[in-house]
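Undergrad: Quick one: this structure, given as structure tokens, is what I'll be asking you about.
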Amino acid sequence: MNKIWLSSPHLSGHEQKYVQEAFATNWIAPLGPNVDGFEQDLCNYVGVGHAAALSSGTAALHLALVMLGVGRDDVVLCQSFTFSASANPIVYQGATPVFVDSEPDTWNICPDALETAIKNQEAKGKLIKAVIAVHLYGMPAKMQEIAEVCQRYEVPLIEDTAEALGSTYLGKKLGSFGLLNVLSFNGNKIITTSGGGALLSNDEYFIKKSRFLATQARDDAPHYQHSEIGYNYRLSNICAGIGRGQMEVIDERVAQRRSNFAFYQRELSNIEGITFQPEPEGSFSNRWLSCLVMDTEKTGGVTREDIRLKLAAQNIEARPLWKPMHLQPVFAGTSYYGGNVAEKLFQDGLCLPSGSNLTKEELGRVVTAIKSCF
Ligand SMILES: *Cc1c(COP(=O)(O)O)cnc(C)c1O
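In this note's numbering, the protein residues as written are 5 to 378.
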């Protein structure tokens with residue numbers, strides 16, 4: 005039986021036209037018409053003023069922190085329930101990550117726990133330089149409440165939209181709410197450039213500055229002169245060409261992933277003890293990954309691990325939900341605010357195969373394997 009992946013690249017067939025153009029015009033460099041075009045595509049789609057195409061989402065997060073002046077002894081508050089790339093750049097800057105629990109409605113950062121964290125850290129004399137909110141699996145975080153807390157305490161908000169291109173909150177695209185917003189185009193994301201990312205903002209200053217920092221921070225001089233530490237973080241013009249071909253089909257990809265989710269929900273939610281990631285009113289998720297949680301008291305003891313292993317035995321890749329950062333060995337001893345929402349989700353949750361290129365037959369194989377556990 006062929007392998008069913010969690011989330012594999014899905015090309016539109018239009019990518020090679022742009023890549024070919026790059027070859028034909030000899031723009032084989034981390035700048036060029038595809039980079040400019042891809043940035044424009046992202047601005048138009050997300051509805052944001054400015055975009056810088058970068059080598060990864062991690063690089064975009066790193067530059068966001070650099071530009072906000074995050075340094076030694078500063079605190080950055082970060083959603084605990086996320087992929088490590090959300091938090092690692094805090095450490096690159098020598099700053100201290102402080103983790104915050106999720107709330108059950110969206111599985112994203114809890115506005116109340118966030119406020120407690122800000123108050124408590126400030127009372128300890130800590131300078132909080134940024135908040136990183138994540139839209140996990142494509143689900144919008146409670147941006148209104150989160151933005152309100154950030155405004156009240158005057159802390160800049162970074163939106164980690166790596167998993168959520170195409171999602172909307174109150175009718176507005178994610179990636180347009182934060183002061184700085186991060187996208188990823190890694191191979192497993194809803195669209196891919198093989199590897200890549202972007203930083204978005206309505207403030208032109210930040211995007212110009214991020215392009216400067218991403219190209220080794222060269223001062224305006226004919227010789228190479230530097231007054232700041234720079235990085236080599238720009239996106240290749242070839243990869244950007246892949247991105248332009250992918251942007252032509254982004255809305256189709258969202259529809260396909262949502263259709264996978266609807267199929268799983270229809271087929272599986274009558275099994276006692278299985279529930280799916282909620283989508284509160286006002287939220288529209290790209291359903292990057294279809295995620296379920298198991299209440300083992302109601303499933304007759306069947307755990308998410310039982311399902312994962314059953315799927316693995318049939319050459320189907322599934323994955324536990326993200327292990328929260330405050331439980332990661334590398335972040336042992338860091339401060340954490342909240343309860344056990346993220347921890348419970350990690351314990352009982354599973355991501356099902358979610359690629360936009362899955363066939364009906366493959367989706368059927370997944371569902372049959374899961375049903376056979378009961
Ligand atoms: C993928 C991902 C990133 C990092 O993006 P890369 O392009 O892989 O560096 C950051 N945050 C989250 C939540 C992600 O899923």
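Glycine included, C-beta positions come from ideal geometry on N, C-alpha and C.
1) Can you pull the DSSP bridge partners for residue 151?
2) Using only alpha-carbon positions, find the residue among 277, 289, 41, 214 that is nearest to residue 302.
3) Please list, in chain order, all residues of the same chain as residue 197 whose beta carbon is under 6 Å from its beta carbon, the five residues on each side excluded.
4) Any chance the segment 214-234 sits against the segment 265-274, with 3 or more Cβ pairs inside 8 Å?
5) Is DSSP giving residue 196 helix, strand or coil here?
6) Collect the residues with a C-beta less than 7 Å away from any heavy atom of ligand 1 and give them in sequence order along the chain.
7) For the alpha helix (DSSP H) that residue 214 lies in, which residues bound it at each end?
8) Once you ignore the five residues that flank residue 288 on each side, which residues in its own chain have a CB closer than 7 Å to its CB?
9) Sort out for me which residues DSSP pairs residue 323 with in a bridge.
10) Pick helix, strand or coil for residue 82, following the three-state DSSP scheme.
11) Of the choices 255, 280, 58, whose alpha-carbon is the least far from that of residue 109?
12) Near residue 202, which residues of its chain fall below 7 Å by C-beta distance, leaving aside the five closest residues on each side in sequence?
13) Buried or exposed for residue 70, going by 16 or more other Cβ atoms inside 10 Å?
14) Could you round the C-beta distance between residue 350 and residue 333 to whole angstroms and report it? I think they count as a contact, below 8 Å.
15) With a cut-off of 8 Å on the beta carbons, I'd call residue 97 and residue 138 a contact; round off their distance for me.
16) Given a cut-off of 8 Å on the beta-carbon distance, is the pair residue 362 and residue 325 in contact?
17) What are the start and end residues of each continuous beta strand (DSSP E) run of 3 or more residues lying completely inside the segment 82-150, in chain order?
18) Whole angstroms is fine: what's the gap from residue 283's alpha carbon to residue 143's?
19) Alpha carbon to alpha carbon, how far is residue 346 from residue 331?
20) Taking C-beta to C-beta, are residue 179 and residue 52 nearer than 8 Å?
21) Quick check: the segment 150-164 against the segment 296-313, are there 3 or more CB pairs under 8 Å?
22) List the endpoints of the continuous beta strand (DSSP E) containing residue 279.
23) Tell me the DSSP secondary structure of residue 225 in three-state form.
24) What first and last residue would you give for the beta strand (DSSP E) that runs through residue 185?
25) Which class does residue 330 belong to by DSSP, given the choice of helix, strand or coil?
26) Compute the Euclidean distance between the alpha carbons of residue 224 and residue 207, then round it to the nearest angstrom.
27) Would you kindly check if the distance between the Cβ of residue 67 and the Cβ of residue 118 is under 8 Å?
28) Alpha carbon to alpha carbon, how far is residue 30 from residue 211?
29) Check each candidate in 134, 122, 111, 107 and name the one with the smallest Cα separation from residue 91.
TA: Taking the structure as given:
1) Its beta-bridge partners do not exist; DSSP assigns none.
2) 277
3) 189, 243, 246, 247
4) no
5) coil
6) 60, 61, 62, 63, 65, 86, 87, 89, 90, 138, 140, 164, 166, 167, 186, 188, 189, 190, 193, 199, 200, 201
7) 208-218
8) For residue 288, where only same-chain residues beyond five positions count, the Cβ hits under 7 Å are 171, 172.
9) 355
10) strand
11) 280
12) 46, 55, 56, 57, 58, 64, 187
13) It is buried - the Cβ of residue 70 has at least 16 other Cβ atoms within 10 Å.
14) At roughly 14 Å, the Cβ-Cβ gap does not stay under 8 Å, so residue 350 and residue 333 are not in contact.
15) In fact, because the Cβ distance is near 18 Å, the residues do not count as touching under 8 Å.
16) no
17) 100-104, 132-138
18) 7 Å
19) Looking at the two C-alpha atoms, the distance is approximately 10 Å.
20) yes
21) Per the Cβ contact rule, the segment 150-164 is not in contact with the segment 296-313 (fewer than 3 Cβ pairs under 8 Å).
22) Segment 278-280, the beta strand (DSSP E) holding residue 279.
23) Residue 225: coil per DSSP, three-state reduction.
24) Going by DSSP, residue 185 is part of the beta strand (DSSP E) stretching over 184-188.
25) helix
26) Each residue's CA atom was taken as its position, placing residue 224 and residue 207 some 22 Å apart.
27) no
28) 26 Å
29) 134
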